[in-house]
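Have a look at the structure below before the remarks.
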Amino acid sequence: MSYEKLNEKVLSMQEEILEAIRGCVAINSVKGEPGPDAPYGEGPKAALDYALELGKKLGFRTGNVGNRVGWAEYGEGEEMVAVLGHLDVVPLGEGWTYPPLGGEIHDGRMYGRGVADDKGATIGAFFALKAIRDLKLPIDRRIRIMFGTDEECGSSCVQYYIDQGEELPVMGFTPDAEYPCIFCEKGMTNYTLGKPVTDPGKVTVVSFAGGTAANVVTPRCTLTVKGDIPVAEGDGITVTRKDGMTVVEAEGVSAHGSTPQLGVNAAVRLLQAVKGVKFGGDFQRMMDFILEKLGNETNGETLGIRYVDEETGETTVNLGVVRYDGKEMSLTLDIRYPKNALPGEVQKHTEAAAAAYGLQVLNKTSAPLLYVPKDSELVQKLMKVYREATGRDDQPLAIGGGTYAKAFKNMVAFGPGFPGGLEVAHQPDEYMEVETLMKSLQISAAAMYEMACR
124 MSYEKLNEKV LSMQEEILEA IRGCVAINSV KGEPGPDAPY GEGPKAALDY
174 ALELGKKLGF RTGNVGNRVG WAEYGEGEEM VAVLGHLDVV PLGEGWTYPP
224 LGGEIHDGRM YGRGVADDKG ATIGAFFALK AIRDLKLPID RRIRIMFGTD
274 EECGSSCVQY YIDQGEELPV MGFTPDAEYP CIFCEKGMTN YTLGKPVTDP
324 GKVTVVSFAG GTAANVVTPR CTLTVKGDIP VAEGDGITVT RKDGMTVVEA
374 EGVSAHGSTP QLGVNAAVRL LQAVKGVKFG GDFQRMMDFI LEKLGNETNG
424 ETLGIRYVDE ETGETTVNLG VVRYDGKEMS LTLDIRYPKN ALPGEVQKHT
474 EAAAAAYGLQ VLNKTSAPLL YVPKDSELVQ KLMKVYREAT GRDDQPLAIG
524 GGTYAKAFKN MVAFGPGFPG GLEVAHQPDE YMEVETLMKS LQISAAAMYE
574 MACR
């Protein structure tokens, strides 16, 4: 079919769409302490409630699964197709030009945490579904918009949905990455390594802390030590000596954990500046592990876990969060590996390297490789929509990023970013061009319609 009327309908709702997205962006939905009926904290719960109310206001059937996943649905039929987005966000961070909860538009761009990842596309999908309904387009399958609230911290929300025996889509997409279509996502293993501090060493480390999330390159890091220590000052390093303390601060360059090579890790930068100090004890062991097994390397070569695959890329390793307070110490590793990797070997080598430095596995989570054949019905439908909308002949992608698509057997990531666009997710001044956002929602509407037709 021609998508002309569908495109016009979506575009006609632009102001309403932007206002709805702005309302959701205003909610600071970073994961917090669990509360009554708020398993991920008040922020994610507020965002969930907001989306459920929006679904009801627009006249859709809605459902709430354990205050973890919500959904809004339209249509009839035994089978259901889905658009799966998330409403939780990474921490706001610093360095914003415009308010991170403002949803303000400047020079054609809407700024705010979650605008690109993932509130813009998720809230916008409600209106794409409204366009299909208002135009009375004939569909054979129900269309469900699903919105979770724990994607950034492990996607336990969708696992809960599945564990509760809720209906699974026959196919779907998550607007949580980029176009044209992502047929493969690397396998992932995330670690928290550490131990109780039993050996304080020769130099008293009061604290060592940096990072905002496991899947973000450490943007800032601070070391506080009793006494005076030598520091190799350089780019991004600030030293303050006061009240018998030495405080070393490091500034890095943040990047998504799937592309750590695009960032500069502040924790590594800081430790390199003080590597001449003989700290001794447990802090020394953690420092040595980071510098000797990670350093500025992001492909896992020294850990013995580097794999390279022509179709799906190479291993990436991201150091995200580091903590030491004199009582406990820990660090996180976000490891992603291509199609030819052996997950068991990745884990064996990583854990052996950590153990050699006295680091224990405090937590480990894994997600398998996602691979949906390029000639599948789903990928073919999505590529058809994308090519008709853009006139481009781009090919399906394999990426390192992990999305909600891994939760279901026949789901892939599809949009909302276009080829050549800047990577702004998880960054200060996260934004989407309004024109790009609307184009993406037009594509989403067409894709939803195509999936719902046999």
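Take any residue in the sequence shown, note its place counting from 1, add 123, and you have its number in our numbering.
C-beta: ideal position from N, C-alpha, C; glycine also.
Contacting residues, own chain, Cβ-Cβ under 7 Å from residue i (five flanking each side not counted)
{"i": "V547", "result": "A239, E553, Y554"}
{"i": "W219", "result": "P551, D552"}
{"i": "K401", "result": "K325"}
{"i": "D257", "result": "K132"}
{"i": "N130", "result": "Q565"}
{"i": "D432", "result": "P461, K462, N463"}
{"i": "V397", "result": "L346, I352, V354, V371"}
{"i": "P223", "result": "L215, G235, R236"}
Cβ neighbours of residue i in the same chain (closer than 8 Å, five flanking residues each side left out)
{"i": "P261", "result": "C576"}
{"i": "R408", "result": "Y480, G481, L482"}
{"i": "A293", "result": "In the sequence on display, residue 293 carries Val and not Ala. Only E202, M203, V204, R264, N533 meet the Cβ criterion."}
{"i": "A515", "result": "At residue 515 the sequence reads Arg, which differs from the Ala that was named. Same-chain partners within the cutoff: P303, Y509, P542."}
{"i": "D411", "result": "Y480"}
{"i": "E511", "result": "Y126, A569"}
Supposed contact pair residue j and residue i - C-beta distance, whole angstroms, cut 8 Å
{"i": "C307", "j": "Y494", "result": "5 Å"}
{"i": "G443", "j": "A337", "result": "4 Å"}
{"i": "Y527", "j": "H229", "result": "Rounded, the Cβ-Cβ distance is 30 Å, inconsistent with contact."}
{"i": "S563", "j": "G543", "result": "Actually they do not touch by this definition, with Cβ atoms about 14 Å apart."}
{"i": "T297", "j": "A536", "result": "5 Å"}
{"i": "G277", "j": "V340", "result": "About 18 Å separates the two Cβ atoms, so there is no contact after all."}
{"i": "A389", "j": "A378", "result": "About 12 Å; that fails the 8 Å criterion."}
{"i": "Q384", "j": "T421", "result": "5 Å"}
{"i": "T335", "j": "I352", "result": "About 26 Å; that fails the 8 Å criterion."}
{"i": "L95", "j": "T382", "result": "This structure cannot speak to residue 95, because the chain is shown only from 124 to 577."}
{"i": "V557", "j": "G231", "result": "6 Å"}
{"i": "Y197", "j": "I266", "result": "6 Å"}
{"i": "D322", "j": "D405", "result": "5 Å"}
{"i": "V212", "j": "A248", "result": "In fact, because the Cβ distance is near 17 Å, the residues do not count as touching under 8 Å."}
{"i": "K259", "j": "L181", "result": "The pair is not a contact, with the Cβ atoms about 15 Å apart (cut-off 8 Å)."}
Bridge partner(s) assigned by DSSP for residue i
{"i": "F296", "result": "V206, V535"}
{"i": "P319", "result": "E451"}
{"i": "E437", "result": "V431"}
{"i": "S489", "result": "T312"}
{"i": "T363", "result": "V370"}
{"i": "W194", "result": "G186, M269"}
{"i": "Q483", "result": "G317"}
{"i": "E301", "result": "G540"}
Alpha-carbon to alpha-carbon, residue j and residue i
{"i": "G226", "j": "A149", "result": "7 Å"}
{"i": "G418", "j": "N486", "result": "22 Å"}
{"i": "A592", "j": "V204", "result": "The structure shown does not extend to residue 592, since the chain spans only 124 to 577, so no value can be given for it."}
{"i": "Y327", "j": "R446", "result": "Per the sequence shown, the amino acid found at residue 327 is Thr instead of Tyr. Answer to the nearest angstrom: the Cα atoms are 15 Å apart."}
{"i": "L175", "j": "I144", "result": "13 Å"}
{"i": "I140", "j": "F250", "result": "7 Å"}
{"i": "K132", "j": "G524", "result": "32 Å"}
{"i": "K242", "j": "V281", "result": "17 Å"}
{"i": "M311", "j": "G295", "result": "21 Å"}
{"i": "D366", "j": "G350", "result": "9 Å"}
{"i": "S152", "j": "G375", "result": "25 Å"}
{"i": "L505", "j": "P162", "result": "34 Å"}
{"i": "Q137", "j": "E127", "result": "16 Å"}
{"i": "K416", "j": "I428", "result": "11 Å"}
{"i": "K154", "j": "E165", "result": "8 Å"}
{"i": "P466", "j": "A476", "result": "16 Å"}
{"i": "E424", "j": "L456", "result": "14 Å"}
{"i": "S279", "j": "D160", "result": "16 Å"}
{"i": "E573", "j": "K309", "result": "27 Å"}
{"i": "L545", "j": "G403", "result": "43 Å"}
{"i": "V188", "j": "D358", "result": "48 Å"}
{"i": "S135", "j": "P157", "result": "40 Å"}
{"i": "F331", "j": "A478", "result": "21 Å"}
{"i": "P519", "j": "V362", "result": "48 Å"}
{"i": "A530", "j": "G399", "result": "46 Å"}
Cutoff 6 Å; reference residue i; Cβ partners in own chain excluding five residues on either side
{"i": "G540", "result": "E301"}
{"i": "S499", "result": "none"}
{"i": "K450", "result": "V320"}
{"i": "G186", "result": "W194"}
{"i": "L560", "result": "G243"}
| request: Report yes or no: do the stretch 181-196 and the stretch 311-318 share at least 3 C-beta pairs separated by less than 8 Å? | output: no
| query | Is the stretch 282-292 touching the stretch 168-180 in the sense that three or more CB pairs, one from each, lie closer than 8 Å? | reply | no
| request: Give a yes or no on contact between the stretch 461-476 and the stretch 425-441, applying the rule of three or more CB pairs nearer than 8 Å. | output: yes
| message | Tell me whether the stretch 331-347 and the stretch 382-399 touch, counting them as touching only if at least three CB pairs, one residue from each stretch, are closer than 8 Å. | response | yes
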